[in-house]
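Number of protein chains: 4
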Amino acid sequence: MIKIGVIGYGYWGPNLVRNFAETRDAKVVSVADLDPRKLEIVQRRYPAVQVTTRFQDLLEDTGIDAIAVATPVNSHFELGMAVLRAGKHLWLEKPMAETSLQARKLVEEAEKRKLVLLVDHTFIYTGAIRRMAEIIQRGDLGRVYYYDSLRVNLGLFQRDVNVISDLAVHDFSILDYLLGEHPVAVSASGTNHFPGTPENLAFITLFYESGTIAHANVSWLAPVKVRQILVGGSKKMITYNDLEPSEKVKIYDKGVSFTDDPKQIREMRIGYRTGDMWAPRLPTTEALSLEAEHFVDCVQHQKAPETDGHLGLRVVELIEAATSSMRGRGETLYLQQREKAA
Amino acid sequence: MIKIGVIGYGYWGPNLVRNFAETRDAKVVSVADLDPRKLEIVQRRYPAVQVTTRFQDLLEDTGIDAIAVATPVNSHFELGMAVLRAGKHLWLEKPMAETSLQARKLVEEAEKRKLVLLVDHTFIYTGAIRRMAEIIQRGDLGRVYYYDSLRVNLGLFQRDVNVISDLAVHDFSILDYLLGEHPVAVSASGTNHFPGTPENLAFITLFYESGTIAHANVSWLAPVKVRQILVGGSKKMITYNDLEPSEKVKIYDKGVSFTDDPKQIREMRIGYRTGDMWAPRLPTTEALSLEAEHFVDCVQHQKAPETDGHLGLRVVELIEAATSSMRGRGETLYLQQREKAA
Amino acid sequence: MIKIGVIGYGYWGPNLVRNFAETRDAKVVSVADLDPRKLEIVQRRYPAVQVTTRFQDLLEDTGIDAIAVATPVNSHFELGMAVLRAGKHLWLEKPMAETSLQARKLVEEAEKRKLVLLVDHTFIYTGAIRRMAEIIQRGDLGRVYYYDSLRVNLGLFQRDVNVISDLAVHDFSILDYLLGEHPVAVSASGTNHFPGTPENLAFITLFYESGTIAHANVSWLAPVKVRQILVGGSKKMITYNDLEPSEKVKIYDKGVSFTDDPKQIREMRIGYRTGDMWAPRLPTTEALSLEAEHFVDCVQHQKAPETDGHLGLRVVELIEAATSSMRGRGETLYLQQREKAA
Amino acid sequence: MIKIGVIGYGYWGPNLVRNFAETRDAKVVSVADLDPRKLEIVQRRYPAVQVTTRFQDLLEDTGIDAIAVATPVNSHFELGMAVLRAGKHLWLEKPMAETSLQARKLVEEAEKRKLVLLVDHTFIYTGAIRRMAEIIQRGDLGRVYYYDSLRVNLGLFQRDVNVISDLAVHDFSILDYLLGEHPVAVSASGTNHFPGTPENLAFITLFYESGTIAHANVSWLAPVKVRQILVGGSKKMITYNDLEPSEKVKIYDKGVSFTDDPKQIREMRIGYRTGDMWAPRLPTTEALSLEAEHFVDCVQHQKAPETDGHLGLRVVELIEAATSSMRGRGETLYLQQREKAA
């Protein structure tokens, strides 16, 4: 039985507590939050769980094996390091830190102490993304030409992180999982429409060694909510609409065939192919429930999570690079160089 | 009665002939195409129209007042200049030329000779775009924050122009018409997935002095066809879905209000507002029919068309700048500087 | 403070407990269910609420003012009567009884004892239906020509009630609320595809004195879920799509105008009118929360609920008549005659 | 080369002329219409085709092999009989006649004279319906439980035929083709909202010996256009949305499994199954072009068309029965009895 503490009971914390409470082999023993009113809610819902306004109580509690940190991003580094230094396994919300330097230190600390570090990139545990990864990794799409994401809606303006950190973070983790390849360069543009606030709209392009190109359009200022990804390959193409209730993922037997046949050289050398469309049934298990089980399993068997600190670090590097490029109005940043410089 | 000749009876030429044939005060007298089989089709459909494989016949025909050029882009400059030098009014397909230098020469030639030059940016004559322009120019949207266009589908690969010239050209003309402002900078990225062919996918960001930001995502390699524009303002927001049969344009009474109230400074300073949605009825007249009438009217009364050579030139400048930026992986180009340099 | 007991903690009971728990001036004091495992769940979630497997405990508890009955339909009459006879106000799930005779007795008992009887036709408390009623009753639609509902999905087969009682029940209550008119005749057809089970698919037509015609297509055997209502009037028409996240209700300025002008008599005498579409913003309050407050208000101030026993009875009469007609393969039943006979 | 005459150049006639003109082995030689202005249009478009206001000219023209009749329904019988008696093959618009008696006489006349009689139920020649028929007849759906059609829009009020004859006619022919079974009973309801005009809205239920039930909801008075069919079977289910541009037909691997297992008898005996969805690519050939070729082939090789007079007659019988039932407010009519009585 893994005993879990949770720091932060704001927007996401309640989901963590609920899911860990329902995970076999796990038990939530303590919740910390600065706001006593939130702790009252915990007490009413979970009378057996201890509550405290001092997160240090959880660090000092020798009965706790692992701690989940669900606080604002600017406290992730400090709290995460404290958890690891207290010798406890760490579940950290995304993005894992404000800078790649911080993220790298967290990764190193966890490895040094042989503690599990899971970064909560929940999308990786959804049926939709896992099925897409299967299809892509099995080669069904052929060569992956592009990934194109539209992720916009009205509102949820953040005060201390920009829209890249809030929304494009999902695309960065999904891309890492789907492609298994890190981009070589990034070019982003975007703006903030309200002085003194973070950027609320951004367009990011990622370039890959293999020729794949990825794009994410993220905004807090759209009249309608859209969550849509297209992935185009040489053999098949995928659409993923997260707001579609029943057929989120569709695989199109559509593509372009390019011929080098010299006879056709003076004619159009591109042929089109359109075939059936197929929407696989997806499991309906809540992603967070699967992720909580996975974390407990990693802690019990000393395994690296699917969304470990290395993935979390790569995502932070992309947020950092995309934000820099955006502030340079699209200036291309080469990631390999940054890697060496670091 | 304005007598019209048409050069080029390929993809778009038949639409021009059909619409001019049905325009009051206009008459199609002659059609030129290099392919005699296409001329046979003209003869069968319009027994009274003359046909020829020599476009020079139209230039020399003193009975012709105006000539429409609907040929591949690489012949626009040569044919357009020849038409103007023959003293005839010119209707030119979009984009008006391969380079801004050529476009500028066409504009100067038309002005010198006091001839009408209309560039066929058909979207400007649709009920949807005209209604959107009315709404924006009346101030209903408040300050325009952004324009965001998704214009993708499978196929229609071009051999000699890239996807910016083929698809983003529409956004460039629509933006010019809606905003009445020329961007100061452009950053684009994109790629060609088939060696030796033009870029088939591009992401373009335009920056405006006023703070408006515009983005176009264009591709010939998407599994589904999308033609969608979002325009966000401080008071209202618009969606325009060109594939929606009945409610193409929707106006959302939605927005964000930003407060500088010092009492709220420590709290979130952004408020959300959501209200009704409204979809105006749009006229169903074919845009090209309206545009043909407008051209005839301009010729008869010596007026400048709504899509004149200046607009056409500004669009070519944007295609040129976006293509350069894309080939530099997003390198920002400042248009004012280009203007001076030119 | 109104003290409330809840009998039945199956599918709907938890929603009642949750909403009454959050209603000002109300307090859930006791929950009864035959299944002790369900009572354990209640205890964990609401430690202060008493639980029992004997519903009689609630009847005998003099501290309880009102009881909500959320059990299978076949126990509604017996339990409802027991609640009223114990002198407590009654919240009864829909349909209120298995037969109109039972429903009438419940209405009479409540009136005799001056107790509040609310039948839980939740739709009547949704923002969408209330807004539609406002629009219709204000005369904006003109004369109401028809109501047409499609309410289908896969599954949720019931063992003891048919699909009319399970799904068309919603249309019957909505129609009663929107039109304020009771139908004069009903014709229904339908079938059960599995021997020994209730009908799983039905088509019901209701005829009104005023000329309005209503139709409901209900099924447990459709591959997709649809919840859609059209209401057509002489001036405007409404669509209501309950699965649409943001624009559930749309009002179309569309219609038909019929002329008796003798000059047009030999021509088509029907003209079409199409104008703007408008989607009003709807409140996002949970309907059940509004309904719980309304019930408490009725109990406190001795008022008749909007969905009182009379409405509940009229709905049961329609279920009864439609089921009879369906079993006679569409045989028309005249409701006025039934009324008199009863 | 089959020589074809066309009587009637109103709404549908131009489509017939265009398609026959492009059919190999066919030639349109003459067009008759009472309105000389329509004949002018024919002459402009097809200078080689003869035109006349006297349909008798076509009957007397020994150079004509077959005649297509595309006139109002009330003239179908008279003109169709005249064509057959002139010894010419007959293409007749749907519905083939006003009464089943007339339809039967046309069938008998064609058979007696060994002439081809095709009734133009165009839907039967669409890729969508043909693919659905294949799937159903191959047994992929299992037992067919139901067919459910929604076919509504604003306008196109007819003066002399009701909405059953105008719209449900499509469902009747599609059902005949898909199921290969004639209903045993029909129950319909509907109304006209404008005195002195035909019924503009109707709901029709058809009952089949096999247990299949079919329903069509047809209306000229809906604010939105809908063309949607659901077909549910024991193994799979189909949706067909004719307005969807790319994925009209979807096959759902969804269903209900019914168990007679006595152990489960006290529990719910219905299980649900949901699996993948699949949208087959459909051919994009115009249905009318395929149908025109088929007619020419039938004439050349003395074959019975897929939509022959017998199918046309069965459809007219259903229109007749449904209209009678509707006028009796849903009174069930048994078709076998009608058959014998006739």
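Chains as they are written, first to last, in the working numbering: chain A, 30 to 371; chain B, 30 to 371; chain C, 30 to 371; chain D, 30 to 371.
All C-beta atoms in this analysis are idealised placements derived from N, C-alpha and C, irrespective of residue type, glycine included.
- 8 Å or more divides the Cβ of residue 157 of chain D from the Cβ of residue 317 of chain D.
- Using a Cβ-Cβ cut-off of 8 Å, residue 76 of chain B counts as an interface residue toward chain D, since at least one Cβ of chain D sits closer than that to its own.
- Close partners of residue 246 of chain B in chain A (Cβ separation under 9 Å): 177, 179, 232, 244 and 246.
- Annotation for residue 216 of chain D: the continuous beta strand (DSSP E) segment containing it runs 214-220.
- Just measuring C-alpha positions, the residue of A/139, A/255, A/168 and A/234 sitting nearest residue 220 of chain B is A/234.
- By the rule that beta-carbons nearer than 8 Å mark a contact, residue 161 of chain C does not touch chain D.
- Taking a cut-off of 8 Å for Cβ pairs, the stretch 157-169 of chain B and the stretch 123-143 of chain B do not touch, as fewer than three such pairs fall below it.
- For the options B/117, B/178, B/107 and B/266, the alpha carbon positioned closest to that of residue 328 of chain B is the one of B/117.
- By the Cβ criterion, the stretch 186-203 of chain A is not in contact with the stretch 325-343 of chain B, since fewer than three pairs of Cβ atoms, one from each stretch, lie closer than 8 Å.
- With fewer than 16 neighbouring CB atoms inside 10 Å of its own CB, residue 143 of chain D falls in the exposed class.
- Along the length of the stretch 118-152 of chain C, whole alpha helix (DSSP H) runs at least 4 residues long occupy 129-141, reported in chain order.
- 8 Å or more divides the Cβ of residue 218 of chain A from the Cβ of residue 239 of chain B.
- Classified as buried, residue 341 of chain D has 16 or more neighbouring CB atoms from the shown chains inside 10 Å of its CB.
- Taking 8 Å as the cut-off, the Cβ atoms of residue 98 of chain C and residue 121 of chain C count as close.
- Interface flag for residue 218 of chain C against chain D is set, since a Cβ pair is found closer than 8 Å.
- If you check the CB distance, residue 87 of chain D and residue 36 of chain D come in under 8 Å.
- At a beta-carbon threshold of 7 Å, the residues of chain B lying near residue 309 of chain C are 305, ordered along the chain.
- Here residue 246 of chain A is buried: its Cβ has 16 or more other Cβ atoms, across all protein chains shown, within 10 Å.
- Given a length threshold of 4 residues, each whole run of the alpha helix (DSSP H) inside the stretch 151-189 of chain A is given here in chain order: 156-166.
- Close CB contacts of residue 32 of chain C within its chain, under the 7 Å cut and outside five residues either way in sequence, are with 56, 58, 92, 93 and 94 (chain order).
- When C-beta atoms of the stretch 193-209 of chain D are compared with those of the stretch 272-280 of chain D, fewer than three pairs fall below 8 Å, so the two segments do not count as touching.
- For residue 243 of chain C, the CB contacts under 6 Å within the same chain, skipping 5 residues up- and downstream, are 176, 204 and 235 in chain order.
- Assigned with DSSP and collapsed to three states, residue 248 of chain B falls in strand.
- In chain order, 127 and 189 place their CB closer than 8 Å to the CB of residue 103 of chain B, counting only its own chain and leaving out the 5 sequence neighbours on each side.
- Here the alpha carbon of residue 75 of chain C sits roughly 16 Å from the alpha carbon of residue 41 of chain C.
- Chain order gives the chain D residues near residue 253 of chain C as 268, where near means a beta carbon separation below 7 Å.
- In this structure, the beta-carbon distance from residue 179 of chain A to residue 262 of chain A does not fall below 8 Å.
- The residues 362, in chain order, have a CB closer than 7 Å to that of residue 353 of chain A in the same chain once the five nearest residues on each side in sequence are set aside.
- For residue 44 of chain A, the enclosing alpha helix (DSSP H) has its first and last residue at 42-50.
- In the same chain as residue 264 of chain C, and ignoring 5 residues on each side of it, the C-beta atoms closer than 7 Å to its own belong to 169, 170, 171 and 284, in chain order.
- Taking a Cβ-Cβ cut-off of 9 Å, the neighbours of residue 360 of chain B in chain A comprise 216, 359, 360 and 361, given in sequence order.
- In chain B, no part has a C-beta under 8 Å from the C-beta of residue 199 of chain A; the shortest such distance is about 18 Å.
- Taking the CA atoms as reference points, residue 345 of chain B sits about 31 Å from residue 54 of chain B.
- With contacts defined as CB atoms closer than 8 Å, residue 193 of chain B and residue 348 of chain B qualify as a contacting pair.
- Contact with chain C is absent for residue 168 of chain D, since none of that chain's Cβ atoms lies less than 8 Å from the residue's Cβ.
- Contact of residue 276 of chain D with chain A by beta-carbon distance below 7 Å involves 306.
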